[in-house]
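What follows is one structure encoded as structure tokens, with my remarks underneath.
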Amino acid sequence: GNSVTQMEGPVTLSEEAFLTINCTYTATGYPSLFWYVQYPGEGLQLLLKATKADDKGSNKGFEATYRKETTSFHLEKGSVQVSDSAVYFCALTHIQGAQKLVFGQGTRLTINP
Amino acid sequence: NAGVMQNPRHLVRRRGQEARLRCSPMKGHSHVYWYRQLPEEGLKFMVYLQKENIIDESGMPKERFSAEFPKEGPSILRIQQVVRGDSAAYFCASSLPLTGASYEQYFGPGTRLTVT
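In order, the protein sequence lines correspond to chains A and B.
Residue 3 is where the first sequence starts when you use the numbering used here, and the numbers rise one by one after that.
Residue 523 is where the second sequence starts when you use the numbering used here, and the numbers rise one by one after that.
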């Protein structure tokens with residue numbers, strides 16, 4: 003079945019550091035890939051997405067590229083801020099059938115000033 | 523345009539009681555999804571509904587859990603005879619009607635259920 007594996011957390015960085023959160027997936031066909039962010043006490047917000055191989059999703063300085071050859075969708079940001087502290091979830095879904103999201107376990111990110 | 527609304531935001535129930543969680547999708551959205559998030563875990567799919575129709579309930583526990591999305595009113599996730607293991611955050615998401623193209627699910631703020 004479909005699954006998503008994320009880099010183990012928690013991750014703690016200093017402000018302005020470079021961020022990478024690894025995400026790999028297992029799926030048949032060509033899933034769509036997503037990164038969601040969850041701030042404390044809130045629901046999930048879509049951060050970025052990519053729907054086909056080699057697509058790059060980007061938003062708020064975050065980027066992720068859909069790599070079919072390595073089945074990966076790693077999240078990167080060149081210079082993190084304290085306000086980026088949150089839990090980040092990688093997820094996938096398929097257009098065919100019921101489009102339920104399959105999530106990774108989440109990576110908690112803390113940015114220290 | 524109001525986002526996905528969920529209520530209550532926090533719900534405390536004693537073991538054996540019933541819990542009813544409500545979700546109002548975004549305006550124009552006719553598809554609703556329910557997910558459960560256990561402490562320190564990712565979200566797990568529970569059920570996918572359209573108006574008056576359950577499309578996929580493969581993630582729903584076989585007993586005590588049910589969901590509906592009536593023609594009028596919010597979607598309801600109902601948990602009967604709650605147990606401590608039901609304590610979790612329950613998130614609802616909604617989307618536009620599926621067209622085969624890329625779509626997006628919009629999430630509500632969640633209902634945090636605590637069973638004492």
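Cβ coordinates follow ideal geometry from the N, Cα and C atoms, glycine included.
Fair warning: this is a prediction, and the values are worked out from it, not measured in the lab.
#1: Just mark S16 of chain A as buried or exposed, buried being the case when its beta carbon has 16 or more other beta carbons within 10 Å.
#2: Can you name the residues that DSSP bridges to I601 of chain B?
#3: Do you know whose CA, among B:Q627, B:K573 and B:I601, lies nearest Q47 of chain A's CA?
#4: Output, in chain order, the set of chain B residues within a Cβ distance shorter than 9 angstroms of G106 of chain A.
#5: Step through the CB atoms of chain B and report whether any lies within less than 8 angstroms of the CB of G45 of chain A.
#6: Within the 8 angstroms Cβ cut-off, does P631 of chain B reach chain A?
#7: Which one of A:N114, A:T112 and A:Q107 has the shortest CA to CA distance from T7 of chain A?
#8: Starting from Y38 of chain A, follow its DSSP beta bridges and name the residues at the other end.
#9: Measure the beta-carbon distance from T112 of chain A to S34 of chain A and round it to whole angstroms, keeping in mind my assumption that it falls under 8 angstroms.
#10: May I have the straight-line CA-CA distance separating Q603 of chain B from Y555 of chain B, to the nearest angstrom?
The relevant details are as follows:
#1: Locating residue 16 of chain A in the first sequence gives position 14, counting from the first residue. Its Cβ having fewer than 16 others within 10 Å, S16 of chain A is exposed.
#2: As a first step, residue 601 of chain B is located in the second sequence; it is residue number 79 there, counting from the start. Per the DSSP secondary-structure output, I601 of chain B pairs in a beta bridge with B:A541 and B:F587.
#3: Residue 47 of chain A sits at position 45 when you count from the first residue of the first sequence. Closest option to Q47 of chain A, Cα to Cα, is B:Q627.
#4: The residue labelled residue 106 of chain A in the question sits at position 104 within the first sequence. The contacting residues are G564.
#5: One-based indexing of the first sequence puts residue 45 of chain A at position 43. Chain B places a beta carbon closer than 8 angstroms to that of G45 of chain A, counting this residue as a contact.
#6: Numbered from its first residue, the second sequence carries residue 631 of chain B at position 109. Taking Cβ atoms only, chain A reaches closer than 8 angstroms to P631 of chain B, which makes this a yes.
#7: Taking the first sequence and counting its residues from 1, the one referred to as residue 7 of chain A is at position 5. Checked all of A:N114, A:T112 and A:Q107; the closest Cα to T7 of chain A is A:Q107.
#8: Indexing the first sequence from 1 puts residue 38 of chain A at position 36. Per DSSP, A:L48 and A:F91.
#9: What you label residue 112 of chain A is simply residue 110 of the first sequence in a count that begins at 1. What you label residue 34 of chain A is simply residue 32 of the first sequence in a count that begins at 1. That pair is no contact at about 29 angstroms.
#10: As a working mapping, residue 603 of chain B is identified with position 81 in the second sequence. As a working mapping, residue 555 of chain B is identified with position 33 in the second sequence. Their Cα atoms are separated by approximately 22 angstroms.
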